[in-house]
Structure formats: structure tokens, C-alpha cells
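Down below is the structure, laid out as C-alpha cells.
Protein chains: 2
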Amino acid sequence: MKMLKEQSLHHLEIADYLIQCIRSGVYKVNDKIPSESELCHQFHVHRHVVRHAIHRITNLGWVTPVQGKGSFVSSKPKPILYALSSKTRFTENMESQGVQQYKNELLYWEQGMPTEEERQHLRLSMDDEVYRLEILRFIGKHPFSLATTVLPVEEFPDFDVHLDNYESLYQILIDAYHFQPIRSQSMLDAVLPSLVDAELLGIPENVPIVKIASIMNHPAGYPIEYSVARIRSDMHQCLIEF
Amino acid sequence: MKMLKEQSLHHLEIADYLIQCIRSGVYKVNDKIPSESELCHQFHVHRHVVRHAIHRITNLGWVTPVQGKGSFVSSKPKPILYALSSKTRFTENMESQGVQQYKNELLYWEQGMPTEEERQHLRLSMDDEVYRLEILRFIGKHPFSLATTVLPVEEFPDFDVHLDNYESLYQILIDAYHFQPIRSQSMLDAVLPSLVDAELLGIPENVPIVKIASIMNHPAGYPIEYSVARIRSDMHQCLIEF
DNA sequence: TAGTGGTCTAGACCACTAC
DNA sequence: TAGTGGTCTAGACCACTAT
Numbered sequence: 246m247k248m249l250k251e252q253s254l255h256h257l258e259i260a261d262y263l264i265q266c267i268r269s270g271v272y273k274v275n276d277k278i279p280s281e282s283e284l285c286h287q288f289h290v291h292r293h294v295v296r297h298a299i300h301r302i303t304n305l306g307w308v309t310p311v312q313g314k315g316s317f318v319s320s321k322p323k324p325i326l327y328a329l330s331s332k333t334r335f336t337e338n339m340e341s342q343g344v345q346q347y348k349n350e351l352l353y354w355e356q357g358m359p360t361e362e363e364r365q366h367l368r369l370s371m372d373d374e375v376y377r378l379e380i381l382r383f384i385g386k387h388p389f390s391l392a393t394t395v396l397p398v399e400e401f402p403d404f405d406v407h408l409d410n411y412e413s414l415y416q417i418l419i420d421a422y423h424f425q426p427i428r429s430q431s432m433l434d435a436v437l438p439s440l441v442d443a444e445l446l447g448i449p450e451n452v453p454i455v456k457i458a459s460i461m462n463h464p465a466g467y468p469i470e471y472s473v474a475r476i477r478s479d480m481h482q483c484l485i486e487f
Numbered sequence: 246m247k248m249l250k251e252q253s254l255h256h257l258e259i260a261d262y263l264i265q266c267i268r269s270g271v272y273k274v275n276d277k278i279p280s281e282s283e284l285c286h287q288f289h290v291h292r293h294v295v296r297h298a299i300h301r302i303t304n305l306g307w308v309t310p311v312q313g314k315g316s317f318v319s320s321k322p323k324p325i326l327y328a329l330s331s332k333t334r335f336t337e338n339m340e341s342q343g344v345q346q347y348k349n350e351l352l353y354w355e356q357g358m359p360t361e362e363e364r365q366h367l368r369l370s371m372d373d374e375v376y377r378l379e380i381l382r383f384i385g386k387h388p389f390s391l392a393t394t395v396l397p398v399e400e401f402p403d404f405d406v407h408l409d410n411y412e413s414l415y416q417i418l419i420d421a422y423h424f425q426p427i428r429s430q431s432m433l434d435a436v437l438p439s440l441v442d443a444e445l446l447g448i449p450e451n452v453p454i455v456k457i458a459s460i461m462n463h464p465a466g467y468p469i470e471y472s473v474a475r476i477r478s479d480m481h482q483c484l485i486e487f
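In the order they appear, the protein sequences are chains X and A. Residue numbers for the first sequence follow my numbering, so the first one is 246 and each next one is one higher. Residue numbers for the second sequence follow my numbering, so the first one is 246 and each next one is one higher.
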């Protein structure tokens, strides 16, 4: 590679160099890239400069550092195409793509007052309560998305009794309430995860995720569910067909 | 605030503290937060720890550091709701929201061979050429989005003669070719910008953006335009109605 | 000139992994 | 035990802004 002589911005040149190595196949998926100290010697720079470079390519999704072991080239493709439409949900999406190994985990649930935002989206009055569920979805062994789902208590009597053996929210709605909410609108966003979300999703704190806030309607036409999903952007692309 | 006694992770506590200050109104929009050296004294930590904390809240969108001046609280709301549908384009979106001050700038254009991805999306054969435009859009004085738009040469004879006084791509298509492409599908992504894109969009390199790849069809039904837009996530939310 | 953020060197200690 | 990444202290020089 070309010599680095100019002052400053060494970290970006090292980051570019490492990306070129990965692109050109010098380091392949799941390979370990050289350790920080090896890169220090190679480039004659301080360790912090190398760390800065590795941080950048980590955030860009090229490598994943593992304490005590090294930094490893991430798997490149975004295998999951997550179709966003009025009817599709997580389960349908997985099955339409032939993904067999998925599962939901109900992290916790609560009954309480909605936030102002939730109240507005669900058109609730000031004393209406909601159920709030936190659901973690996996594809294979990898966390894929986190969703906060909010349901008006009034519309779902005795909802909590169905949560003991939670497997699928939509199974509950169909089995117990005999209807399926219809997505009426979604708002998408690129954000960085909170520290808690990053931990649960198994990604570094500076890797962007997609945030999708959706309003779901009762078949009769009024809003009945509000959900905010945070989805690993390194594992999926969101597909919208018109 | 509470004393920081535990070892390590000071930077996250300082970041949280600063966020709380902004949330609670101690520092308001466009206010300068304390300088790095002031925060060093306040927390009895080294400057690099403070910088780490400020980096985090910068990436989260709370502040924008300006060399020689300080770090300033960013404007909070995401004012632009960008509706994604089969017919809406940038211009319609701005006007439907009453945004008057927008403009497009054609950064450059070229005629050449498509990439493999472009060829597939546009269903071109191996010797078909394309026009490729790079367009920067502004809202007020702020860069808002960058778009790479690819058009088959064969479908747009003498396209380049219309680019001299570029104002709007869709004005050209309607005026010169008498049709308007229809969005058939979009794929959304949360990513970090390239260094060039970050520069053009006027954002730090670790602030996430939304990437929207769209295929537009000729009214007769076949693909006629492929575009990849990179949109500042701090300025907009993408709205989809079903 | 003084103050600010941006980058770099130098080196310490810790936690985790592998042997 | 040796090697790795994670965090922190200490201090240098630079570029930019304000006065």
C-alpha cells in the first residue's frame, strides 16, 4: 500500500485500507483481521489511531470486534427482505422467504397509562390504559428486532391471561379476539440504538438501526395497535411495493 | 448530579448527564454546551473521556461540534415528513408540507455503462448505456438528500441537452418525454454515510442516514429509472401509507 | 492572543480468551 | 501465561474562531 506521510487523518486511511483488503478478499468473511498491535507496527502509528480506524469500519458494518479474541470480518449480505405492507407481519415475512428458524421472545409486559404519543396515535382519552409489550425477535440464533407494542386495554379484555405461553402476538389476537389488525401507516427512521437496545440486539452502540413506528387499524377502520420496531439494519432491507 | 466513583464507562455517564441537561432544558436548542476543558474540570476526568461522551451525543443527534467555537445543541424535531408512494416525488412532498425554500443542484452527470445492480434493476442488456445523475437537494440552506439517478440512454434520446439549466428532473421528463415515472418499489436501509456523502450533507461521519433505493416504472409498466437516495435522518421521517 | 475542537503519541490498567 | 480488545490518564501540536 502507499506510504502514509501526510499528517493527520491517518485513521481514515487505515480504515480505507482495511476496507479495501476486505473488499478484495485479503480478509474473508469470519476471518480475523490483524490485531491492534500488529496494525500499530505495520503503520507506525499509536494504538489509539488504529482503534479509531477499527471503530469506523465497525460502525460501517465491516468487522465485529470481540474482546480477548480480535476483530472479525462480518458476513456481508443483508439476507432478510422485510416486506412492509398493510397485511404482512414478522411471521408471514419469515415464511415467505423460507426462513424456518425464527422465534419471538416476550421480554416483559405491563399495563399502564400510555405516553402522550401513544395516546394520540391510538386516539385514546385521558384515562384509557394500555398494555405495553416488549418483544425480541430472533432469526436463527441472532437477535433481529425489538418491538414495543401498545394495545388499548379496553379493546382487549383479559389480554394478560393469554401471555403465559406467549408465542405470537397475532396468534393471540386471532385466536382470542378473532381479528387481525391492518397496518395503516408506518414512519421510518435511521437512528443509533439506545445502549439497552444495542445490548439486546447484539450490536455495537454506533451501528445504525431502522426504526419503524406503525399504526395498525381494526378491520372496522379505527386504530387499535401502535408499535415501534427497532430492526438490525445489518441483517435486513425493508421492502415496500406500490 | 450524582458523583461518579466507579471505574470505567465514565464517558457514557457523562453522555447521559448531558442528554438529561438538554432534555430538561438546562441547555436549549442552539445553546453552547460547556467546553471540553470545562467538562474535564467538572467531572475530574481526562479530556479524551469528555470527547468520547460528546462524540456519542453527537452521533445520537443531540449536539453539533464546531471547531474553534464549541458544541451546540441541535434543533430537535424532524420537521420533514417525506411521503413515499407510487407518485410522490421530492417536489410534491415539499409543496404538500408548505415548504417553500427548496432547491435541487445537479452535482454532475455522466453517460456510461451501468453497474451490475443497475443493469438488473433496469432489465438492460450487456451493451445498454445509462445516464447517471448526482443530485443534491436543499431545504432552506440545509442539504437534505443526495440522489444517484440512473436512466437508460435508449429511453431518453438527447437527454443531456436538457441538463444545461437543470432545475427539476421531473420537469425535464414531463416537458421533453411527456410522461412521469411511477415508483414501483423501494428498499430502505439505515446506514452511515460515506465520507463524501457526509461532507455534502453537512453531517458528522457517524450520524446515520436513510438510504432508499427505488425502481420507477414507465406508465406502460417496465422499469425506466433506478435511484438511490441518501437522506438526512435528522431532518426527516419517511412516511408510508397503506 | 486566548479559547475551542481535531488529531496524534505514550503508556497505564482492566476484562476476556486461549493455551 | 500471553495475547486481545476496552477504558482511562497525560500531554503534544494543529486548525479554526473570536477579540
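All C-beta atoms in this analysis are idealised placements derived from N, C-alpha and C, irrespective of residue type, glycine included.
On a Cα-Cα basis, can you pick out the residue from the options that is closest to residue i?
i      : options                        : result
A/L257 : A/C285, A/V294, A/V274         : A/V294
X/M358 : X/L418, X/V375, X/E450, X/E470 : X/V375
X/P279 : X/L305, X/T309, X/H255         : X/T309
X/V274 : X/I259, X/W307, X/Y422         : X/W307
A/P449 : X/L284, X/G270, X/I267, X/R301 : X/R301
A/N462 : A/V452, A/L378, A/R428         : A/R428
A/Q425 : A/S331, A/I325, A/E281         : A/S331
A/S478 : X/K456, X/I476, X/A465, X/V398 : X/K456
A/Y327 : A/V406, A/F401, A/I384         : A/I384
A/L391 : A/K348, A/L408, A/F404         : A/K348
X/F404 : X/L378, X/S282, X/H289         : X/L378
A/P402 : A/T393, A/R382, A/D373         : A/D373
X/D276 : X/C266, X/S282, X/L284         : X/C266
X/H423 : X/P464, X/Q430, X/T394         : X/P464
X/L408 : X/V473, X/R296, X/I380, X/V271 : X/I380
A/E350 : A/I476, A/H286, A/P388         : A/P388
A/S472 : A/P397, A/S269, A/G313         : A/P397
X/F317 : X/I325, X/I299, X/L329         : X/I299
X/I454 : A/R296, A/L305, A/V290         : A/L305
A/I469 : A/S459, A/L446, A/E281         : A/S459
X/Y467 : X/H297, X/E283, X/Q430         : X/Q430
Indicate the three-state DSSP secondary structure (helix, strand or coil) for residue i in the structure shown.
i      : result
X/V452 : coil
A/M248 : At A/M248 the pLDDT is 32, less than 50, meaning the model places this residue with poor confidence and gives no usable figure here.
X/D442 : helix
A/A435 : strand
A/N338 : helix
A/E350 : strand
A/H463 : coil
A/Y376 : strand
A/L484 : strand
X/K416 : The residue asked about is misnamed: residue 416 of chain X is Gln in this sequence, not Lys. Reduced to three states, the DSSP call for X/Q416 is helix.
A/Y422 : helix
X/R368 : coil
X/H256 : helix
X/I469 : strand
Would you say the beta carbon of residue i comes nearer than 6 Å to a heavy atom of the ligand GDP?
i      : result
X/Y415 : Looking for the ligand GDP in the displayed structure turns up nothing, as the structure carries no ligands at all.
query = Are the region 346-356 of chain A and the region 308-326 of chain A in contact at 8 Å, needing three or more beta carbon pairs?
reply = Taking a cut-off of 8 Å on C-beta distances, the region 346-356 of chain A does not touch the region 308-326 of chain A, as fewer than three cross pairs fall below it.
task = Any chance you could list the alpha helix (DSSP H) runs of at least 4 consecutive residues sitting entirely within the region 258-330 of chain A, in chain order?
result = 281-288, 292-304, all fully within the region 258-330 of chain A.
ask   = Between the region 348-369 of chain X and chain A, which residues of the former have CB atoms less than 9 Å from a CB of the latter, in chain order?
value = For the region 348-369 of chain X, there are no residues whose beta carbon sits under 9 Å from a beta carbon of chain A.
key: Contact residues within the region 318-338 of chain X, judged by C-beta distance below 9 Å to chain A   = Residues K323, L326, L329, S330, S331, K332.
Those runs of the beta strand (DSSP E) which lie wholly inside the region 379-409 of chain A and span at least 3 residues = Fully enclosed beta strand (DSSP E) runs of 3 or longer: 387-397.
ask   = Just checking, does the region 428-448 of chain X make contact with the region 466-483 of chain A on the three C-beta pairs under 8 Å criterion?
value = Verdict: yes, contact present.
ask   = Three or more C-beta pairs closer than 8 Å, one from the region 409-427 of chain A and one from the region 441-450 of chain A: is that the case here?
value = The region 409-427 of chain A is not in contact with the region 441-450 of chain A.
ask   = Going along the region 385-404 of chain X in order, which residues come within less than 9 Å of chain A, judged by CB to CB distance?
value = Sequence-ordered contacts of the region 385-404 of chain X with chain A are nonexistent [C-beta pairs closer than 9 Å].
ask   = Which of the residues in the region 453-468 of chain A, read from start to end, lie with their CB under 7 Å from any CB of chain X?
value = Correct list: P453, I454, V455.
message = Tell me which residues of the region 468-483 of chain A have at least one Cβ-Cβ distance to chain X shorter than 8 Å, keeping chain order.
response = Those residues of the region 468-483 of chain A that come within reach of chain X (Cβ to Cβ, closer than 8 Å) are S478, Q482, C483.
query = Counting pairs of Cβ atoms below 8 Å between the region 407-414 of chain X and the region 258-270 of chain A, do you hit three or more?
reply = These segments do not touch.
inquiry  = For the region 412-446 of chain A, list every residue whose C-beta sits within 8 Å of some C-beta in chain X, in sequence order.
reply    = Within the region 412-446 of chain A, the residues whose Cβ lies closer than 8 Å to some Cβ of chain X are I427, R428, S429, Q430, S431, M432, L433, D434, A435, V436, L437, L440, listed in chain order.
inquiry  = By the 8 Å beta-carbon criterion, what residues does the region 263-281 of chain X contribute toward chain A?
reply    = Cβ proximity to chain A below 8 Å picks out nothing from the region 263-281 of chain X.
inquiry  = Any contact between the region 335-344 of chain A and the region 365-375 of chain A? By contact I mean 3 or more CB pairs, one from each, below 8 Å.
reply    = A contact is defined here as three or more CB-CB pairs under 8 Å, and the region 335-344 of chain A fails this definition with respect to the region 365-375 of chain A.
ask   = Listed in chain order, which residues of the region 295-307 of chain X have Cβ atoms closer than 7 Å to some Cβ of chain A?
value = For the region 295-307 of chain X, the residues whose beta carbon sits under 7 Å from a beta carbon of chain A are, in order, N304, L305.
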